[in-house]
Structures are given as structure tokens and as C-alpha cells.
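Report on the structure given below.
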Amino acid sequence: MNSKNTGFNTICTHIGEIEDKQFKGAISPIYLSTSYAFEDVDIKRYPRYFNTPNQEALCKKIARLEKGESSLIFGSGMAAISTTLLAFLRKGDHIVLQRTLYGGTVNLVNEEFSKYGIEYSFVDSQDISGFEEKIKENTKVIYIETPSNPLLTITDIKAISELAKKKGIITMIDNTFASPVNQNPIELGIDIVLHSATKYLGGHSDILAGAVVSSEKNIEQIFHLAKNLGGSLSDFTVWMLERSIKTLGLRVKQQNKNAKKMAKWLEKHEDIEAVYYPGLKSHPDYEIAKKQMKGFGGMLSFELKKGLDASKFQKELKLIKSSMSLAGVESTILSPTLTSHALLTEEEREHQGIKDGLLRFSVGIEEKEDLISDIQQALEKIKILELEH
Ligand code: PLP
Numbered sequence: 073m074n075s076k077n078t079g080f081n082t083i084c085t086h087i088g089e090i091e092d093k094q095f096k097g098a099i100s101p102i103y104l105s106t107s108y109a110f111e112d113v114d115i116k117r118y119p120r121y122f123n124t125p126n127q128e129a130l131c132k133k134i135a136r137l138e139k140g141e142s143s144l145i146f147g148s149g150m151a152a153i154s155t156t157l158l159a160f161l162r163k164g165d166h167i168v169l170q171r172t173l174y175g176g177t178v179n180l181v182n183e184e185f186s187k188y189g190i191e192y193s194f195v196d197s198q199d200i201s202g203f204e205e206k207i208k209e210n211t212k213v214i215y216i217e218t219p220s221n222p223l224l225t226i227t228d229i230k231a232i233s234e235l236a237k238k239k240g241i242i243t244m245i246d247n248t249f250a251s252p253v254n255q256n257p258i259e260l261g262i263d264i265v266l267h268s269a270t271k272y273l274g275g276h277s278d279i280l281a282g283a284v285v286s287s288e289k290n291i292e293q294i295f296h297l298a299k300n301l302g303g304s305l306s307d308f309t310v311w312m313l314e315r316s317i318k319t320l321g322l323r324v325k326q327q328n329k330n331a332k333k334m335a336k337w338l339e340k341h342e343d344i345e346a347v348y349y350p351g352l353k354s355h356p357d358y359e360i361a362k363k364q365m366k367g368f369g370g371m372l373s374f375e376l377k378k379g380l381d382a383s384k385f386q387k388e389l390k391l392i393k394s395s396m397s398l399a400g401v402e403s404t405i406l407s408p409t410l411t412s413h414a415l416l417t418e419e420e421r422e423h424q425g426i427k428d429g430l431l432r433f434s435v436g437i438e439e440k441e442d443l444i445s446d447i448q449q450a451l452e453k454i455k456i457l458e459l460e461h
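Sequential numbering of the sequence shown, starting at 73, is according to my numbering.
Here it is, written out as C-alpha cells:
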């Protein structure tokens with residue numbers, strides 16, 4: 073089972089299992105202890121040292137899923153991201169980042185980095201030349217996120233890693249939207265992979281967690297800071313996450329299938345102005361997505377035709393829930409203008425192509441016919457309301 077050829081769902085189900093030697097139970101026991109006996113100066117078990125039995129077991133599973141040597145699990149995606157960035161950047165260093173990152177990451181950079189004397193530049197387009205132009209003598213890290221939120225733009229991962237390798241720069245990617253089911257950036261040359269495990273890894277909208285995967289050497293460097301910052305994940309949640317990942321492959325493959333069907337259906341619909349999904353041939357980055365992704369993911373965005381109110385549409389949905397988060401087994405929808413991108417100015421949103429009527433759709437595992445009839449009934453309802461007005 074530990075061979076390199078072990079299949080994805082087998083890794084999800086079995087890698088990192090803790091054998092229940094006492095009772096021979098089918099699942100890993102949970103060890104909630106925060107206090108362990110002293111064994112040796114080199115083995116001090118403590119949850120904040122990321123080395124309890126359940127933490128170590130889960131790290132093995134996540135590292136295998138992302139094809140890395142090692143991993144660490146954190147109390148949130150932002151704990152993983154902030155710790156990792158700060159582990160590789162120091163005063164006087166410079167980082168180049170894609171502009172269309174998760175808002176929390178942008179805020180971290182904008183609000184905190186200057187306090188530490190870290191310089192940064194955002195790149196406006198996904199073009200490799202845009203990244204190359206921003207690189208300076210002191211650039212230490214390039215940070216990307218693909219597919220991006222909310223327009224699902226695609227950055228060419230291999231091209232970024234080749235550029236960075238030539239210049240001796242470390243590459244980091246937020247792989248949350250794709251999940252390891254659809255994209256393994258380490259295979260494409262990326263050094264460090266980050267996840268908000270709150271999303272697809274957890275998958276049931278009931279866990280807040282983060283993860284980082286990389287080489288043993290890089291994880292050692294991150295660990296050194298991580299134990300000082302103290303952002304580890306409690307063992308009960310570690311155990312829940314381990315259980316959730318057992319169905320990661322099944323869930324995400326169904327979400328891929330549903331999202332592709334929904335994107336195609338929406339694209340043909342007379343009330344829909346535009347659909348953004350990297351699996352559609354009409355998507356400007358379709359060819360790059362096809363090259364680097366195994367599936368196109370469960371996230372898509374769309375705009376209603378002019379005159380149709382996106383907020384009213386959202387309120388009329390009965391099955392698809394309004395939600396601030398994403399990637400659960402249940403389908404959810406949000407308006408980026410009112411939520412995730414509300415802190416941007418109108419000009420900044422316009423610059424990024426985010427229109428007020430844009431809706432971000434996290435497609436769940438439900439039957440696609442039920443999702444279609446929910447959207448159809450909501451569209452019909454708002455059209456009647458418009459007529460009555
Ligand atoms: N990265 C992406 C792409 C996200 O969508 C989020 C949260 O929405 C994060 C990182 C931050 O994760 P967390 O909320 O688990 O800290």
C-alpha cells in the first residue's frame with residue numbers, strides 16, 4: 073500500500089492510519105492528550121509541536137496526496153499561509169504575488185509585511201512576463217493561486233516554476249480551489265503547496281484547518297517558526313479532517329462532474345450573460361487548465377443578463393444556500409461584491425473584472441437536475457417580480 077503507485081482513493085482511505093492494536097477497530101483511534109510522558113530529549117510530544125499521533129498520521133496522508141515529502145497541519149488556512157510566508161521571508165526580502173489571491177492573503181501582505189520590512193509587488197495579469205518584470209535582486213518568493221477567486225483565471229504553474237528555478241526563487245501556491253484531486257503543483261515544479269483545509273479537504277463545512285506540503289527540508293524550516301507562532305490544529309479536528317479526507321476523491325470527482333454540467337447548462341441559458349469555468353472551451357485559459365489540471369474543479373462564477381437582480385435571484389434559491397465559504401458537499405452561492413471582495417474599491421473590482429451582478433457558485437454533490445430546477449425556478453420568479461414592478 074505504500075508503493076508509489078497506490079491509487080488516490082486508497083491513499084485517502086488508508087495512508088496514515090493509526091492501527092488500533094488493542095481492539096482492532098476499523099478506524100484510527102483518537103488521542104486527545106495534551107500531555108505525554110518524557111521519552112527522550114529529541115521526542116517531546118505536544119500538540120503545539122505538531123507531533124501528536126493523530127497530527128503525524130494526518131500529515132502523512134496530506135503529504136502523499138500532494139506528492140510531497142512532508143507536511144504540517146494548522147488551525148486555519150491563514151495560519152498555514154502566514155507561517156509559511158514568514159518562514160521564508162525576512163527584513164529586506166522581496167516577494168512577487170499574483171493580484172487575484174484570496175482576500176485574506178492580500179490583507180496579510182498589505183497590512184503586516186511592511187512592519188517586518190518585507191517588500192512586495194503584486195502582478196496584475198497571470199502572464200509570465202508580468203511576474204518576470206516584477207522580479208528584483210532581493211526577490212525570494214513567488215506566490216500564486218490557481219484557479220483564482222472568483223473569476224477562475226488560470227496561472228501557468230510550470231512556466232512560473234521554471235522562471236523561479238532559473239532565478240533561484242522559492243515558489244508557493246495556494247491549491248485550495250483545485251484540491252489535490254485536480255492539481256498536484258509539486259509535480260509541476262512548485263516548491264510549497266498550501267491549502268485552506270476548511271474547503272475541499274474538509275468538505276463538510278464543519279472544520280477550520282490549513283495545510284502546507286513540501287520537501288522535508290522546507291517543512292523543517294516552516295516547523296521552526298510554526299512552533300513559536302503556535303497555530304497547530306487540535307486533535308479532535310485533526311481526527312475529523314482525517315475522516316473527511318477518506319471521501320475527498322469521491323466528493324471532488326462528483327463536484328467536477330456537476331460543475332462542468334452546470335457551466336455548460338448556464339452558458340446556453342438565455343438569462344445568463346457570462347459563465348466563468350476553466351473547463352469551458354470559451355474560457356480564455358482553457359488550454360492551460362487542460363494542461364495542468366486533472367479535473368476542472370467544483371467552482372464557477374456567472375453573471376445574470378442586464379436587468380435581472382443577482383441579490384433577488386440569490387434570495388429565491390431554495391436548495392442552493394447562500395454562504396460565505398465554499399467547497400462543502402452542499403451547493404452554495406455568494407456575491408463577491410457584497411462579501412469576499414467587498415473591501416476592494418469599485419475601481420479595483422472593475423479592474424479585476426468583478427461585476428456587481430457576478431455570483432460565485434460552489435457546486436456540491438447533489439443531483440444536477442435538482443440544481444438546474446432550483447436555478448430555473450429562481451430565474452422565473454425574479455422575472456415575474458420584474459414584470460410586476
Ligand atoms: N485560501 C483560499 C483560496 C481561501 O478561499 C481561503 C478562505 O476562504 C483561505 C485561503 C483561508 O483559509 P481559512 O479560512 O481556512 O483560514
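Cβ coordinates follow ideal geometry from the N, Cα and C atoms, glycine included.
As a quick exercise: from the options, pick the residue whose alpha carbon is nearest that of residue i.
i	options	result
E420	E184, G175 and D92	G175
I245	K239, L280, I190 and T172	T172
I405	G370, E439, H423 and K378	G370
T177	I344, Q364, Y192 and Y108	Y192
D263	E111, S201 and K139	K139
H461	L391, I426, D381 and P408	D381
K453	K239, L389 and N210	L389
A159	E422, Q327 and L301	L301
K387	A450, S397 and E441	A450
A298	V284, A346 and Y188	V284
N328	G436, K239 and S277	G436
N247	E209, L305, G240 and E217	E217
I167	S394, A346, H341 and I241	I241
S354	Q364, K332, M365 and D343	K332
T106	G97, N123 and K93	N123
E441	L416, D112, I392 and L280	I392
E342	F95, P119, Q448 and A129	Q448
G429	L352, P252, E458 and A346	A346
F308	L266, G351, K384 and I145	I145
D228	I279, I99, R136 and Q364	Q364
L137	K318, R117, S100 and D92	K318
Report yes if the C-beta distance between residue i and residue j is below 8 Å; otherwise report no.
i	j	result
S412	N256	no
F374	L322	no
L443	N330	yes
A269	G282	yes
F194	L235	no
G367	S316	no
I232	I258	no
A361	I200	no
P219	F185	no
A399	Y272	yes
S434	S407	no
G88	E292	no
L180	M150	yes
G189	K163	yes
D165	N210	yes
S277	S142	no
I83	W311	no
L376	I344	yes
L224	Y349	yes
Please determine whether the Cβ atom of residue i lies at a distance below 7 Å from any heavy atom of the ligand PLP.
i	result
S148	yes
N221	yes
T248	yes
G400	no
K377	no
L509	Residue numbering for the chain in the displayed model covers 73 to 461; residue 509 lies beyond these limits and cannot be assessed.
L157	no
T270	yes
L280	yes
E217	yes
G176	yes
S306	no
S397	yes
I153	yes
Indicate whether at least one CB of chain D lies closer than 8 Å to the CB of residue i.
i	result
L224	Chain labels in this structure do not include chain D; a single protein chain is all it has.
Unbroken stretches of the beta strand (DSSP E), 3 residues or longer, contained in the region 331-375: 344-348
Can you give, in chain order, each stretch of the beta strand (DSSP E) that sits fully within the region 222-277 and has at least 3 residues? 242-246 and 264-268
Would you mind listing the beta strand (DSSP E) stretches within the region 189-227 that are 3+ residues and don't spill past its ends, in chain order? 191-195 and 211-217
In chain order, each alpha helix (DSSP H) run of at least 4 residues that lies wholly inside the region 303-331: The qualifying runs are 307-317.
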